[in-house]
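**Q** Here the protein sequences come in this chain order: A and B. Read in the working numbering, the first sequence has 84 at position 84, and its numbers run on one by one without any break. Every number in the working numbering is 1000 more than the matching position in the second sequence, counting from 1.
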Amino acid sequence: QLQLQESGPGLVKPSETLSLTCSVSGGSITSSSSYWGWIRQPPGKGLEWIGDFTHTGDTYYSPSLTSRVTISVDRTKNELSLKLTSVIAADTAVYYCARRNRNGWSNDYWGQGTLVTVSS
Amino acid sequence: DIQMTQSPSSVSASVGDRVTITCRASQDISSWLVWYQQKPGKAPKLLIYAASSLQSGVPSRFSGSESGSDFTLTISSLQPEDFGTYFCQQVKSFPLTFGGGTKVEIK
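1) List the endpoints of the continuous beta strand (DSSP E) containing residue 1084 of chain B.
2) Contact between the stretch 58-78 of chain A and the stretch 1053-1069 of chain B: three or more CB pairs below 8 Å?
3) List the endpoints of the continuous beta strand (DSSP E) containing residue 38 of chain A.
4) Quick one: does residue 1050 of chain B have its CB under 9 Å from some CB of chain A?
5) Rounded to whole angstroms, what is the Cα-Cα separation between residue 1073 of chain B and residue 1021 of chain B?
6) Counting pairs of Cβ atoms below 8 Å between the stretch 1059-1069 of chain B and the stretch 14-23 of chain A, do you hit three or more?
7) Determine, using beta carbons only, whether residue 27 of chain A and residue 34 of chain A come nearer to each other than 9 Å.
8) Return the CA-CA distance between residue 1064 of chain B and residue 85 of chain A, expressed in angstroms with no decimal places.
9) Hey, is residue 38 of chain A's beta-carbon within less than 9 Å of any beta-carbon in chain B?
10) Short of 8 Å Cβ to Cβ, which residues in the stretch 1083-1098 of chain B face chain A?
11) Residues of chain A with CB under 7 Å from residue 1046 of chain B, in chain order?
12) Only counting the same chain, and skipping five residues up and downstream in sequence, which positions put a Cβ closer than 8 Å to that of residue 75 of chain A?
13) Determine the direct distance from the alpha carbon of residue 90 of chain A to that of residue 1088 of chain B, and round the result to whole angstroms.
14) Around the Cβ of residue 10 of chain A, are there at least 16 other Cβ atoms within 10 angstroms (buried) or fewer (exposed)?
15) Within a Cβ cutoff of 6 Å, which residues of the same chain sit near residue 1103 of chain B, ignoring the five residues on either side of it in sequence?
Here it is as structure tokens:
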């Protein structure tokens, strides 16, 4: 059974960099049938797609975040990472990592989510 | 970007009622439409992919359909455990986009 687990600081100061890691177990992050990505949800609001990392190493980002975001994979650790620079209060959200399955390209496995608050 | 307009924003229904939620895409997305259910404090759960394919383990009272650029999620007989917020997502092209969500409450 595939499992995803996010980890990282719960509090980040404005203008600093938000860094999260998603540990994947029960399957390989190098699978050719999967994309891996990040989605966030501000408190009480809807879902926002941040970006995807494909099995070929390509990355796709939200146009509103592309200048500040980097998604990468550490194949040796089976981990996905997210870096978001120059954070502001509006970046406060629950951050989820998720797998997108080639079958319908839907997010079929999700981490439990981690709340990141941007505040001084 | 493809905009997904979801309606209604909330619905209150009784156990046994039929509930329908709609998403309209601003461009052609073929059948590249996904539905999720989210309960408070939890990650979203995949219900339907490719507009009408039921994810394994999801009760058959959930179904998806499409008509042109309109996509519908139907709960044929609402159950107490179906409360939560439902989101659609287009996966036709980047950037991926979600609908605004529909909160389903049990009367």
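In this text, a Cβ means the ideal position worked out from N, Cα and C, and glycines have one as well. Everything numeric in this text was worked out from a predicted model, so none of it was measured.
**A** Quick answer:
1) Within the second sequence, residue 1084 of chain B is the residue found at index 84, counting from 1. Looking at the DSSP string, the run of the beta strand (DSSP E) that includes residue 1084 of chain B is 1084-1090.
2) no
3) Numbered from its first residue, the first sequence carries residue 38 of chain A at position 38. From DSSP, the beta strand (DSSP E) with residue 38 of chain A extends over 34-41.
4) Translated into positions along the second sequence, residue 1050 of chain B becomes position 50. Yes - at least one Cβ of chain A is within 9 Å of the one on residue 1050 of chain B.
5) Position 73 of the second sequence, counting from 1, holds the residue named residue 1073 of chain B. Position 21 of the second sequence, counting from 1, holds the residue named residue 1021 of chain B. Cα to Cα, the separation comes out at about 5 Å.
6) no
7) Within the first sequence, residue 27 of chain A is the residue found at index 27, counting from 1. Within the first sequence, residue 34 of chain A is the residue found at index 34, counting from 1. Closer than 9 Å, so yes.
8) Within the second sequence, the letter at position 64 stands for residue 1064 of chain B. Within the first sequence, the letter at position 85 stands for residue 85 of chain A. Rounded to whole angstroms, residue 1064 of chain B to residue 85 of chain A spans 39 Å at the Cα level.
9) Here residue 38 of chain A refers to the residue found at position 38 when the first sequence is read from its first residue. Taking Cβ atoms only, chain B never reaches closer than 9 Å to residue 38 of chain A, which makes this a no.
10) 1087, 1089, 1091, 1094, 1095, 1096, 1097, 1098
11) Residue mapping note: residue 1046 of chain B aligns to position 46 of the second sequence, counting from 1. Under the 7 Å cutoff, chain A gives 106, 107, 108.
12) On the first sequence, residue 75 of chain A is found 75 positions in, with the first residue counted as 1. Around residue 75 of chain A: 29, 30.
13) By one-based count along the second sequence, residue 1088 of chain B stands at place 88. By one-based count along the first sequence, residue 90 of chain A stands at place 90. Rounded to the nearest angstrom, the two C-alpha atoms are 23 Å apart.
14) By one-based count along the first sequence, residue 10 of chain A stands at place 10. Exposed.
15) Residue mapping note: residue 1103 of chain B aligns to position 103 of the second sequence, counting from 1. 1010, 1085, listed in sequence order.
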